[in-house]
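Trainee: Here's a structure for you.
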Amino acid sequence: MFPEKTVENAVTVIMDYPHMGGRKGQVYMIYHRLGYISTKAYDQVKKSVKRLLFQEVSNRGLLPPRTRYEHERPEGIGQIWAEDFTEVIVYGQTFKASLLIDVASQYYLGVAVSKWANAALVEEPVNQALAKNGGNGPQEFLLSDNGSPYVSDEHGRLLEKADIVHKRIPSCVPQYNGSVECGVKEFKNVFYNVWARRETEPDKEKNLLLRVDASVRETALLLNEDIPRPSLNGVTPDDFHQGVNTAKIEANRQYREHEKEKQNGPPWKRNYWEVLKEVMGLKEMTALELMTKFCFFCPRPLRKITKFGLEGVG
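Counting along the sequence shown from 1, when you hit position 275 you're at 396 in the numbering used here, and nothing is skipped either side.
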């Protein structure tokens, strides 16, 4: 059995990022010095959290009645950028989020939100990326699909002015470039949890577009600086961009070994279920928060969030 505090921390991570499995959860805890827990134990705690969540959702009666890959692989940071946009639905309204990432590090170089998918929407992330990169574009090219905002004359002139080579992939063929497609999915996973938390804040902005924009920007910040990636050896995209990834990887390795030696800690003061319930704080959660977490323990969580219309649950 792992130390009580470590299990408490695991529950907190699971509640903050319920889409994470054992591997991602473990590297997150190691990165943030929250203790060591095996991937198997993390998944077991997650199953227990799921059980308690489902019980609370059932008790409140919140459920409605039943009714091959090709990749562009850069060798290093700054070689290939990729742009795409996705939809987020809140309070029944659809917003377009335009994203631009560095393919090698999965770092979000630019984000923007609008009610419409147009040239102005996809221009803003490019300008943000150029500003972060000293006015320079990617060393090789910018990858995008044939969506209308990306093939517009305005976008072409913007890229030409910045001396950016533009490479297009067939529209609606996500298997061509898995990195950007997976990035969009992960972005939405984190976004809806950020949205549910921010919507409970009493001093939130009244304008819906500004609230969505704030949640999108916080999501990008978390994905860049707070959530480590197993694919990056347990460090964050920002660590790569800051050039500290090698030192962080070694520090994480040492921390992992140190924490593994502490598995047989002092006796627990509470039983297992008491620890989980106290950390989860289910009774204090709003219906929006509770149902958002609930969906991430179900198949196809993003589809379920939209289906349940959680944006209007309060």
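Even glycine gets a Cβ: it sits at the ideal position worked out from N, Cα and C.
Once the 5 residues before and after valine 434 are set aside, which same chain residues still bring their CB inside 6 Å of it?
Mentor: With a pLDDT of 48 at valine 434, under the threshold of 50, the modelled position of this residue cannot be trusted; read the value that follows with caution. For valine 434, same chain residues with a beta-carbon under 6 Å away, outside a window of 5 residues either side, are Ala408, Leu409, Met412 in chain order.
Trainee: Grouping DSSP H, G and I as helix and E and B as strand, with all else coil, what is tryptophan 202?
Mentor: strand
Trainee: Might you give, ordered along the chain, the residues of its own chain that have their beta carbon closer than 6 Å to the beta carbon of valine 224, omitting 5 neighbours on each side?
Mentor: Pro195, Ile201, Ala203, Ser300
Trainee: Does the segment 261 to 268 come close enough to the segment 371 to 380 to have 3 or more Cβ pairs within less than 8 Å?
Mentor: Counting Cβ pairs under 8 Å, fewer than three are found: no touch.
Trainee: Please report the straight-line C-alpha distance between isoleucine 222 and aspartate 359, rounded to a whole angstrom.
Mentor: 12 Å
Trainee: Checking the sheet assignment: what are the DSSP bridge partners for aspartate 223?
Mentor: DSSP lists Trp202, Tyr228 as partners of aspartate 223.
Trainee: Classify glutamine 214: buried if its beta carbon has 16 or more other beta carbons within 10 angstroms, exposed otherwise.
Mentor: exposed
Trainee: Could you check the C-alpha separation between lysine 425 and cysteine 419 for me, to the nearest Å?
Mentor: 8 Å
Trainee: Note the first and the last residue of the continuous alpha helix (DSSP H) segment covering arginine 144.
Mentor: 143 to 152
Trainee: By Cβ distance, which residues of its chain are closer than 6 Å to serine 219, with the 5 residues on each side in sequence left out?
Mentor: Phe206, Ala233, Leu242, Val243, Pro246
Trainee: From what residue to what residue does the alpha helix (DSSP H) around leucine 279 run?
Mentor: First-last of the alpha helix (DSSP H) with leucine 279: 274 to 282.
Trainee: Hey, out of Trp316, Met141, Ile290, Ile158, whose CA is closest to valine 209's CA?
Mentor: Trp316
Trainee: Could you work out which residue in Leu423, Glu399, Thr427 is closest to valine 170 when comparing CA atoms only?
Mentor: Glu399
Trainee: Between which two residues does the beta strand (DSSP E) harbouring leucine 173 extend?
Mentor: Here leucine 173 belongs to no beta strand (DSSP E); instead the alpha helix (DSSP H) covers 160 to 181.
Trainee: Among the candidates Asn130, Met136, Glu129, Ala131, whose CA atom is the shortest distance from the CA of lysine 414?
Mentor: Nearest of Asn130, Met136, Glu129, Ala131 to lysine 414, Cα basis: Met136.
Trainee: Would you list the residues sitting across from isoleucine 210 in a DSSP beta bridge?
Mentor: Thr215
Trainee: Going by CA-CA distance only, name the one from Glu125, Gly142, Trp389 that's closest to isoleucine 348.
Mentor: Gly142
Trainee: So valine 311 and tyrosine 138 are supposed to be a Cβ contact under 8 Å. How far apart are they, rounded?
Mentor: That pair is a contact at about 7 Å.
Trainee: Determine the DSSP secondary structure at phenylalanine 262, reduced to helix, strand or coil.
Mentor: strand
Trainee: Can you give me the C-alpha to C-alpha distance between serine 226 and phenylalanine 361, rounded to a whole angstrom?
Mentor: 7 Å
Trainee: Would you report the Cα separation of glutamine 363 and threonine 160, rounded to the nearest angstrom?
Mentor: Approximately 28 Å, taken between the alpha carbons.
Trainee: Relative to the alpha-carbon of tryptophan 394, which residue among Arg318, Val166, Tyr152 has its alpha-carbon at the smallest distance?
Mentor: Val166
Trainee: So, with DSSP's three-state summary, where would you put alanine 250?
Mentor: helix
Trainee: As an exercise, report each continuous beta strand (DSSP E) stretch of at least 3 residues that is fully enclosed by the segment 316 to 380, in chain order.
Mentor: none
Trainee: How is the beta strand (DSSP E) around arginine 424 delimited, first residue to last?
Mentor: That residue, arginine 424, is in no beta strand (DSSP E); its alpha helix (DSSP H) goes 422 to 429.
Trainee: Cα separation between lysine 390 and glycine 156?
Mentor: Spanning the alpha carbons of lysine 390 and glycine 156 requires a straight line of approximately 18 Å.
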